[in-house]
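Take a look at the structure set out below.
Residue numbers (this note's numbering): 156 to 586.
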C-alpha cells in the first residue's frame with residue numbers, strides 16, 4: 156500500500172503470454188510520470204482502428220464471472236488486430252476495498268501487470284479532463300483508481316462520470332468502433348448514433364434489467380447485436396429481429412484451465428448465492444454427510460456462508476480464484492444448481508476440458524455449456540434428483556468415465572479462436 160502521496164507508483168510489466176498459460180517473470184518498467192494523459196491510447200498503436208469497449212458494470216479482473224472473463228478474452232483477441240481500450244465502472248462499498256487488497260496480491264502472484272494510481276499521480280487527469288477515478292480505499296491519500304494492463308488498456312471509473320468520459324473519448328480520441336456492455340445505456344446509444352460511430356451491443360445475460368436495455372436498443376437499427384449464446388439469441392431475437400446479429404461465445408484457452416494432476420477430492424460448487432442455487436446446495440450437503448464438498452467464493456465474501464455451513468464438517472471453503480486451475484485440480488464433480496436463466500455457464504466448459512463432468516439445472520444456456528451428453532436436471536428443485544446423479548458418478552466408475560469423456564469432447568467445441576476472429580472481420584467491414 157502507498158503510505159503517502161509522495162511515494163511514486165510503479166508499473167509492472169508482464170508478457171501477454173501469461174494468457175496462454177506461460178507465466179513469464181514480472182519486472183518493473185517505469186514510474187507513472189509518463190502517464191500524464193491517463194485516457195490516451197497506446198502511442199505504439201497509433202494508426203490502428205480504435206475500438207472502445209464501454210460498460211456500466213465492473214469488468215475483469217475486479218469481477219471474474221463467466222461473462223466478464225469472456226469479454227476480457229474477446230478484447231485480448233481483438234487487440235491483436237485493433238487498438239482496444241476498456242472503460243468500465245466500479246463502486247466502493249467496504250467489500251470493494253476488502254476485495255482489492257486481496258486482488259493486489261493475486262495479481263502479483265499471477266504476474267499480471269497493473270498500475271496503482273494515487274491522488275498525486277492522477278491529479279493531471281482531473282485537471283485536464285474534469286474527471287475523477289473512483290477511490291479504491293476509504294483512507295485519505297490512498298488509491299484513487301486503478302489501471303489494468305492486459306493486451307489492451309483498462310480503466311475503472313466512477314459510475315456517474317461514465318457518460319462524461321464517453322463524451323470526452325468521442326471528442327478527443329475519436330474511436331472508430333464502440334462495443335457496449337451497458338444496461339442503462341439509452342444516453343450512450345443516442346450520443347454514439349449522433350456521432351455516426353458504428354456500435355455493437357454485447358448481450359451477455361438474462362438478468363432483470365436486460366429487457367429494459369433491449370427496449371433502448373430497438374430504435375437504433377444500425378446497432379449490431381452480439382449474443383453471448385444461442386439461448387440469448389432465441390430469447391431476444393424476436394424483439395431485435397431488424398438488427399444485424401452475431402453469436403459470439405468467446406473461446407476458452409484450454410492452457411489457462413488444464414491441470415497436470417487432479418486429486419478428485421471434492422464435489423464443487425462455485426459462487427454460493429441465491430441465483431446460483433445455494434439453497435439447493437444446502438439441502439444436498441445436509442443429506443450427503445459422507446461426501447466432501449468444496450465451496451468457492453464468487454460475488455460476495457464467504458463470511459456469511461461459512462456461518463450457515465458451520466455445522467457441516469464435510470464442507471471446505473476456498474477464496475475467489477483468478478486461476479481456476481486451483482479449483483479444478485481437486486474437483487471430481489462440478490455442481491451448477493442455478494435457479495435463474497444462465498446465459499451460458501462457462502465453468503462447465505472449463506471443468507469439462509479437464510474431464511470433470513457437471514451436474515446442472517436444465518435452465519437457460521446451461522444445455523449449451525454442459526451439452527446434451529452431460530447431466531441436466533429438469534426438476535432441479537427436487538433434491539432426490541441431485542443426490543441420485545451425484546451418487547451415480549461417485550459410485551460407478553464406468554459411468555463416471557463415460558460422462559468425463561463426454562464433457563472433455565464437448566468442451567473442445569469452445570476452444571476455437573476463430574469465433575472471436577470472425578468479429579475482427581465484421582468490425583473491418585463496418586469501417
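We put the beta carbon where it would ideally sit given N, CA and C, even for glycine. These numbers come from a predicted model, not from an experiment.
Where does the unbroken alpha helix (DSSP H) through residue i begin, and where does it stop?
i, result
"residue 344", "341 to 349"
"residue 317", "317 to 327"
"residue 435", "433 to 442"
"residue 558", "552 to 566"
"residue 365", "365 to 372"
"residue 516", "That residue, residue 516, is in no alpha helix (DSSP H); its beta strand (DSSP E) goes 513 to 516."
Please classify residue i as buried or exposed, where buried requires at least 16 other C-beta atoms within 10 Å of its C-beta.
i, result
"residue 390", "buried"
"residue 234", "buried"
"residue 426", "buried"
"residue 521", "buried"
"residue 556", "exposed"
"residue 326", "exposed"
"residue 491", "buried"
"residue 435", "buried"
"residue 374", "exposed"
"residue 231", "buried"
"residue 416", "exposed"
"residue 493", "buried"
"residue 315", "exposed"
"residue 481", "exposed"
"residue 445", "exposed"
"residue 226", "buried"
"residue 370", "exposed"
"residue 586", "exposed"
"residue 384", "buried"
"residue 367", "exposed"
"residue 309", "buried"
Excluding five sequence neighbours on each side, which residues of the same chain lie with their C-beta closer than 7 Å to the C-beta of residue i?
i, result
"residue 563", "507, 508 and 510"
"residue 243", "210, 212, 213, 214 and 311"
"residue 454", "426 and 428"
"residue 350", "325"
"residue 554", "547 and 548"
Just the Cα atoms here: how many angstroms apart are residue i and residue j?
i, j, result
"residue 209", "residue 394", "23 Å"
"residue 357", "residue 203", "22 Å"
"residue 460", "residue 405", "31 Å"
"residue 400", "residue 535", "32 Å"
"residue 575", "residue 378", "18 Å"
"residue 365", "residue 340", "11 Å"
"residue 550", "residue 568", "29 Å"
"residue 538", "residue 495", "17 Å"
"residue 577", "residue 471", "42 Å"
"residue 561", "residue 488", "13 Å"
"residue 584", "residue 222", "26 Å"
"residue 519", "residue 497", "5 Å"
"residue 532", "residue 432", "13 Å"
"residue 412", "residue 333", "30 Å"
"residue 352", "residue 513", "42 Å"
"residue 467", "residue 360", "33 Å"
"residue 362", "residue 414", "32 Å"
"residue 430", "residue 501", "16 Å"
"residue 348", "residue 219", "31 Å"
"residue 320", "residue 477", "29 Å"
"residue 392", "residue 229", "22 Å"
"residue 418", "residue 504", "19 Å"
"residue 517", "residue 317", "37 Å"
"residue 450", "residue 331", "43 Å"
"residue 469", "residue 388", "40 Å"
"residue 540", "residue 581", "44 Å"
"residue 465", "residue 528", "36 Å"
Taking 8 Å as the limit between beta carbons, can you name the residues of its chain near residue i, skipping five residues before and five after?
i, result
"residue 396", "none"
"residue 542", "439, 442 and 443"
"residue 544", "514, 530 and 532"
Compare the C-beta of residue i against all C-beta atoms of chain C and say whether one is closer than 8 Å.
i, result
"residue 586", "Considering every chain present, this structure includes no chain C. It has just one protein chain."
Excluding sequence positions up to five away, which residues of its chain have a Cβ less than 6 Å from the Cβ of residue i?
i, result
"residue 134", "This structure does not reach residue 134, given that the chain is present from 156 up to 586, and the question cannot be answered."
"residue 381", "355, 357, 401 and 403"
"residue 571", "406"
"residue 526", "565"
"residue 239", "206, 230, 233 and 307"
Along the chain, where does the beta strand (DSSP E) that runs through residue i open and close?
i, result
"residue 333", "332 to 335"
"residue 498", "First-last for residue 498: undefined, no H or E at that position."
"residue 205", "205 to 210"
"residue 487", "486 to 491"
"residue 356", "354 to 358"
"residue 483", "Counting along the chain, residue 483 falls outside any beta strand (DSSP E), though it belongs to the alpha helix (DSSP H) covering 480 to 483."
"residue 572", "Residue 572 -> no beta strand (DSSP E), and no H or E assigned at all."
"residue 381", "379 to 382"
Secondary structure, alpha helix (DSSP H): runs of 4+ residues fully inside the segment 212 to 241: 221 to 233
Would you list, in sequence order, the uninterrupted beta strand (DSSP E) runs of no fewer than 3 residues that lie entirely inside the segment 390 to 476? 400 to 402, 421 to 425, 448 to 451 and 470 to 473
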